[in-house]
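**Student:** Protein sequence lines, in the order shown, are assigned to chains A and B.
Every letter in the first sequence is one number past the one before it in my numbering, and letter 72, counting from 1, is 75.
Every letter in the second sequence is one number past the one before it in my numbering, and letter 59, counting from 1, is 150.
This is the structure, below, for whatever I ask next.
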Amino acid sequence: QKEVEQDPGPLSVPEGAIVSLNCTYSNSAFQYFMWYRQYSRKGPELLMYTYSSGNKEDGRFTAQVDKSSKYISLFIRDSQPSDSATYLCAMSFTGGGNKLTFGTGTQLKVEL
Amino acid sequence: GAVVSQHPSWVICKSGTSVKIECRSLDFQATTMFWYRQFPKQSLMLMATSNEGSKATYEQGVEKDKFLINHASLTLSTLTVTSAHPEDSSFYICSASFPRLEKLFFGSGTQLSVL
Numbered sequence: 004q005k006e007v008e009q010d011p012g013p014l015s016v017p018e019g020a021i022v023s024l025n026c027t028y029s030n031s032a033f034q035y036f037m038w039y040r041q042y043s044r045k046g047p048e049l050l051m052y053t054y055s056s057g058n059k060e061d062g063r064f065t066a067q068v069d070k071s072s073k074y075i076s077l078f079i080r081d082s083q084p085s086d087s088a089t090y091l092c093a094m095s096f097t098g099g100g101n102k103l104t105f106g107t108g109t110q111l112k113v114e115l
Numbered sequence: 092g093a094v095v096s097q098h099p100s101w102v103i104c105k106s107g108t109s110v111k112i113e114c115r116s117l118d119f120q121a122t123t124m125f126w127y128r129q130f131p132k133q134s135l136m137l138m139a140t141s142n143e144g145s146k147a148t149y150e151q152g153v154e155k156d157k158f159l160i161n162h163a164s165l166t167l168s169t170l171t172v173t174s175a176h177p178e179d180s181s182f183y184i185c186s187a188s189f190p191r192l193e194k195l196f197f198g199s200g201t202q203l204s205v206l
């Protein structure tokens with residue numbers, strides 16, 4: 004069993020839709036949770052960084068962490084074609100600036 | 092603008108040659124840098140952790156003699172793929188740790204193709 008599980012997709016949605024991306028993990032020692040966006044053949048870009056269980060909102064993005072269920076989510080509201088990318092969840096034992104364990108990434112396509 | 096610069100973006104080489112990839116932190120001093128590789132439609136796999144002035148720490152299964160890492164200054168880490176073979180073809184990405192912000196900044200990646 005992988006430490007971090009993420010549905011690889013691809014996920015295709017119409018413009019304006021709400022997108023839900025999810026990851027589950029098996030190691031309860033993970034304390035820090037991140038979502039990265041990666042365009043094709045580019046390095047990942049940090050979107051959201053959370054520590055505690057609950058919700059964190061930033062613009063059209065909401066990150067949700069449920070440590071009791073070992074489940075994290077990223078919601079994208081009013082999705083745009085420019086949101087088309089691969090979304091990677093990542094987690095760490097000791098902070099966002101340290102060794103990260105990534106999910107496989109979910110490929111998202113937002114269509115006009 | 093980018094805070095981590097990685098180059099080259101693309102490299103094609105013959106089997107048996109060595110390839111060096113550079114990773115520079117532009118606006119801050121990075122005591123720790125990480126090197127990842129990524130195969131198509133797969134996740135980033137950590138190869139090694141590079142600390143300035145000391146030997147890199149390699150993940151299990153990564154050959155340290157094949158993937159040489161040098162972190163000679165606080166702003167530069169290099170990864171050298173020695174005697175590259177076609178199975179080493181992959182997307183290599185570096186990242187630098189910004190401790191005060193609790194963040195990693197990633198380079199733009201290097202696509203290595205070994206013929």
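Glycine residues also receive a C-beta, built at the ideal position from the N, C-alpha and C atoms.
Predicted model only: the values in this text are computed from it and were never measured.
DSSP puts Thr97 (chain A) in a beta bridge; with which residues?
**Tutor:** As a position in the first sequence, residue 97 (chain A) is number 94, starting the count at 1. DSSP, once it has assigned bridges, lists no residue as partnering Thr97 (chain A).
**Student:** For Tyr52 (chain A) and chain B, any beta-carbon pair shorter than 8 Å?
**Tutor:** Position 49 of the first sequence holds residue 52 (chain A). Yes, contact with chain B.
**Student:** For Met37 (chain A), write down the residues that DSSP places opposite it in a beta bridge.
**Tutor:** Start at 1 with the first residue of the first sequence, and residue 37 (chain A) comes out as number 34. Note: Met37 (chain A) sits in a beta bridge opposite A:Tyr52 and A:Ala93.
**Student:** Among A:Phe33, A:Gly12 and A:Glu6, which residue has its Cα nearest to the Cα of Phe96 (chain A)?
**Tutor:** In the first sequence, residue 96 (chain A) corresponds to position 93, counting from 1. Minimum Cα distance to Phe96 (chain A) is reached at A:Phe33.
**Student:** Just the Cα atoms here: how many angstroms apart are Pro84 (chain A) and Arg40 (chain A)?
**Tutor:** Your numbering for residue 84 (chain A) matches position 81 in the first sequence. Your numbering for residue 40 (chain A) matches position 37 in the first sequence. So the alpha carbons of these two residues sit roughly 14 Å apart.
**Student:** Step through the CB atoms of chain A and report whether any lies within less than 8 Å of the CB of Ser188 (chain B).
**Tutor:** For this step, residue 188 (chain B) is matched to residue 97 along the second sequence. Closer than 8 Å: yes.
**Student:** Under 7 Å Cβ-Cβ, which residues of chain B neighbour Phe105 (chain A)?
**Tutor:** As a working mapping, residue 105 (chain A) is identified with position 102 in the first sequence. Within 7 Å Cβ-Cβ: Ser134 and Leu135.
**Student:** Three-state secondary structure (DSSP) at Ser71 (chain A)?
**Tutor:** Along the first sequence, read from residue 1 onward, the residue named residue 71 (chain A) stands at position 68. It is coil, neither helix nor strand.
**Student:** Please work out which residues of its chain come closer than 8 Å, Cβ to Cβ, to Val153 (chain B), disregarding the five sequence neighbours upstream and downstream, and give them in chain order.
**Tutor:** Locating residue 153 (chain B) in the second sequence gives position 62, where the first residue counts as 1. Excluding residues within five positions, the ones whose Cβ falls inside 8 Å are Met138 and Ala139.
**Student:** Can you give me the Cβ contacts of Thr173 (chain B) inside the same chain, cut-off strictly under 8 Å, excluding the 5 residues immediately before and after it?
**Tutor:** On the second sequence, position 82 is the one that residue 173 (chain B) refers to. Closer than 8 Å at the Cβ level, and outside the excluded window around Thr173 (chain B), lie Ser109, Asp156, Lys157, Phe158 and Leu159.
**Student:** Rounded to whole angstroms, what's the CA-CA distance from Val22 (chain A) to Gln9 (chain A)? Just pull it up for me.
**Tutor:** The sequence position of residue 22 (chain A) within the first sequence is 19, counting from 1. The sequence position of residue 9 (chain A) within the first sequence is 6, counting from 1. Approximately 15 Å, taken between the alpha carbons.
**Student:** Going by the beta-carbon positions, is the gap between Ser162 (chain B) and Glu150 (chain B) smaller than 8 Å?
**Tutor:** Here residue 162 (chain B) refers to the residue found at position 71 when the second sequence is read from its first residue. Here residue 150 (chain B) refers to the residue found at position 59 when the second sequence is read from its first residue. For the record, residue 162 (chain B) in the displayed sequence is His; it is not Ser. Result no, Cβ atoms of His162 (chain B) and Glu150 (chain B) do not sit closer than 8 Å.
**Student:** In chain C, what lies closer than 7 Å to Leu117 (chain B) by C-beta?
**Tutor:** In summary, chain C is missing from the structure at hand, where the protein chains are A and B.
**Student:** What does Gln202 (chain B) touch in chain A if you count any residue whose Cβ is under 7 Å from its own?
**Tutor:** The sequence position of residue 202 (chain B) within the second sequence is 111, counting from 1. The answer, in chain order, is Arg44.
**Student:** Could you tell me whether the Cβ of Lys102 (chain A) comes closer than 8 Å to any Cβ of chain B?
**Tutor:** Reading the first sequence from its first residue, position 99 is the one you call residue 102 (chain A). For Lys102 (chain A), the answer is yes, since a Cβ of chain B falls inside 8 Å of its Cβ.
**Student:** Suppose the cutoff is 8 Å on Cβ atoms and the five residues either side in sequence are ignored; what does the same chain contact list for Leu103 (chain A) look like?
**Tutor:** For the purposes of this step, residue 103 (chain A) is taken as the residue at position 100 of the first sequence. Closer than 8 Å at the Cβ level, and outside the excluded window around Leu103 (chain A), lie Met37, Ala93, Met94 and Ser95.
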